[in-house]
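In this text, residue positions in the sequence shown follow this note's numbering: the first is -13, and each later residue adds one.
Every residue, glycine too, gets a C-beta built ideally from N, C-alpha and C.
Source: prediction; values computed, not measured.
Notes follow once the structure below has been shown.
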Amino acid sequence: MDARLAAIEATRFNVVANLAFTWAGEDLAQPVRYFMAIANAPSPTKDALSLGLLEGALDPDGHGLQGVLELTAEGRLLVRRFRRRAGRGFS
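Take a look at the structure:
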């Protein structure tokens, strides 16, 4: 794994955990419909988009955002690694 992904994994744990939660029980290659109630709120999902772990767009919907998002290859890699670590208690 390259240094950039290792840094994301080490310093942006909340972003990777959020992706793992969003795709829990889901095929990592399938897109998901995402809804955010407050558009200007901080969000690990918006961070994942800016880090290149997700692709798609969040479009305005009232005061919130919605869109179809999918994991990039890097996002899938980090979620798989997170799941493996979670399965062994993050040791």
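| task | Verify whether the separation of the beta carbon atoms of Val2 and Phe68 is less than 8 Å. | result | Counting from one through the sequence shown, the residue named residue 2 turns up at place 16. Counting from one through the sequence shown, the residue named residue 68 turns up at place 82. Cβ atoms of Val2 and Phe68: closer than 8 Å.
| query | Going straight from the alpha carbon of Pro46 to that of Arg70, what length do you get? | reply | Counting from 1 along the sequence shown, the entry for residue 46 is found at position 60. Counting from 1 along the sequence shown, the entry for residue 70 is found at position 84. Distance between the alpha carbons of Pro46 and Arg70: 35 Å.
| message | Run through the DSSP bridge pairs and tell me what Phe21 is partnered with. | response | Counted from its first residue, the sequence shown places residue 21 at position 35. BP columns for Phe21 point to Gln52.
| request: Might you give, ordered along the chain, the residues of its own chain that have their beta carbon closer than 7 Å to the beta carbon of Glu60, omitting 5 neighbours on each side? | output: As a first step, residue 60 must be located in the sequence shown, where it is residue number 74. Hits under 7 Å: Leu(-9), Gly38, Leu39.
| Three-state class that DSSP yields for Arg66 in the structure shown | For this step, residue 66 is matched to residue 80 along the sequence shown. In this structure, Arg66 counts as helix in the three-state DSSP scheme.
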